[in-house]
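Going by the numbering used here, the first residue of the sequence shown is number 16, and it counts up by one from there. We treat Cβ as the ideally placed atom computed from N, Cα and C, and that holds for glycine. Predicted, not measured: the structure shown is a model, and the values here were computed from it. Note sheet for the following structure.
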Amino acid sequence: MTQPKIFHLLHMAHRALFRAADRLLAVRHDITASQNALLLYLEKNEGASMSSVAAALGLKNAATSGLVDRMEKRELIARRPSANDGRSFELELKPRGREIAEQSHALIRATNDHLLEGFTPEERQTIARFLEGVIEKSNAYDTGRSALDL
Numbered sequence: 016m017t018q019p020k021i022f023h024l025l026h027m028a029h030r031a032l033f034r035a036a037d038r039l040l041a042v043r044h045d046i047t048a049s050q051n052a053l054l055l056y057l058e059k060n061e062g063a064s065m066s067s068v069a070a071a072l073g074l075k076n077a078a079t080s081g082l083v084d085r086m087e088k089r090e091l092i093a094r095r096p097s098a099n100d101g102r103s104f105e106l107e108l109k110p111r112g113r114e115i116a117e118q119s120h121a122l123i124r125a126t127n128d129h130l131l132e133g134f135t136p137e138e139r140q141t142i143a144r145f146l147e148g149v150i151e152k153s154n155a156y157d158t159g160r161s162a163l164d165l
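Shown next as structure tokens:
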């Protein structure tokens with residue numbers, strides 16, 4: 016029996032999941048999955064810096080800046096001067112952004128429930144453990160090590 020092509024399957028699952036999330040969020044809130052991720056991050060990290068947002072969302076600084084600019088224009092978030100560093104900004108949710116973040120929790124729960132339909136509790140734990148392992152092993156590449164070194 017041939018080994019499953021895990022990398023390919025994860026890639027395709029990621030693309031399908033984010034396409035679906037983008038469609039759902041566009042219909043419900045006129046935002047993208049990336050924009051929703053920023054709202055949820057700021058919900059828990061009010062006053063976050065641009066660099067902490069970039070790190071948390073796995074984005075480059077330029078992409079983060081564009082994301083923040085678009086969301087600021089739509090009055091979902093706001094920049095305020097940093098209390099610690101006059102050259103940088105802190106990000107905060109505006110009322111509409113906070114409302115969308117709060118409403119998206121139910122959508123995320125429903126999506127998780129849908130994705131896990133048909134799996135036993137034990138299988139769900141195995142799926143979670145597998146995905147956590149993928150994250151951990153993939154992060155090992157950040158050290159500059161190759162798959163042959165691992």
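Using a 10 angstroms sphere on the CB of N51, the tally of other CB atoms reaches 16 or more, which defines it as buried. With fewer than 16 other Cβ atoms from the protein chains shown falling within 10 Å of its own Cβ, L32 counts as exposed.
Between the beta-carbon of L55 and that of S119 there is about 7 Å, and that keeps the pair under the 8 Å contact cut.
Approximately 17 Å separates the beta-carbon atoms of L122 and L57; this is outside 8 Å, ruling out the contact.
When C-alpha distances from E114 are compared across D45, D37, A71, A28, the shortest belongs to D45. C-alpha of K75 to C-alpha of T126: approximately 27 Å in a straight line. Listed in chain order, the beta strand (DSSP E) runs fully inside the region 65-131 are 92-96, 104-108, counting runs of at least 3 residues. Residues Y56, L57, A71, E105, L106 of the same chain have their beta carbon placed closer than 8 Å to that of A63, with the five preceding and five following residues left out of the count.
If you draw a 10 Å sphere on the C-beta of M86, you find 16 or more other C-beta atoms in it, and that means buried.
If one requires a minimum length of 4 residues, the alpha helix (DSSP H) runs lying completely within the region 20-65 are 21-44, 48-59, in chain order. Going by DSSP, Q140 is part of the alpha helix (DSSP H) stretching over 136-154.
Just so you know, the alpha carbons of G133 and R139 end up roughly 10 Å apart.
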